[in-house]
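Participant: The numbering of the sequence shown is this note's numbering, which starts it at 7 and goes up by one. Beta carbons are placed, not taken as given, at the ideal position from N, Cα and C, and that holds for glycine. Here the structure is a predicted model, which is why all the values come from computation and not from measurement.
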Amino acid sequence: PAVLAGPLGMLPATYVKCLLDWPEPSPGVADLLTGERWRLVTMDTGHWPMFSQPRELARILLDAAGTDG
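#1: If we count the other Cβ atoms within 10 Å of its Cβ and call it buried at 16 or more, is Leu38 buried or exposed?
#2: Helix or strand or just coil, what does DSSP make of Ser58?
#3: Let's test the definition: count the other Cβ atoms within 10 Å of the Cβ of Leu14 and tell me whether it reaches 16, buried, or not, exposed.
#4: Which value, in whole angstroms, describes the spacing of the CA atoms of Met16 and Glu42?
#5: Quick check: the stretch 29 to 37 against the stretch 51 to 71, are there 3 or more CB pairs under 8 Å?
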């Protein structure tokens with residue numbers, strides 16, 4: 007298993023929220039999203055954006071990979 011050297015909230019992250027899936031992120035994720043290092047990106051799609059909106063998802067992932075999150 008992975009072992010973190012610090013709190014999860016200190017890692018840079020981009021959370022992709024599919025709006026047609028669950029209405030809100032889980033409480034733990036919502037808490038992490040209040041920090042400076044986590045970024046929320048929404049997509050108007052269901053649980054499988056890689057099938058329904060692959061280009062938009064790829065753009066989001068490439069943007070996240072090119073930044074610090």
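Facilitator: According to the structure shown:
#1: Here residue 38 refers to the residue found at position 32 when the sequence shown is read from its first residue. That one is buried.
#2: Numbered from 1 along the sequence shown, position 52 holds the residue referred to as residue 58. DSSP places Ser58 in helix when its eight states are reduced to three.
#3: Mapped onto the sequence shown, residue 14 falls at position 8. When all chains shown are included, Leu14 counts as exposed.
#4: As a first step, residue 16 must be located in the sequence shown, where it is residue number 10. As a first step, residue 42 must be located in the sequence shown, where it is residue number 36. Roughly 8 Å between the two C-alpha positions.
#5: no
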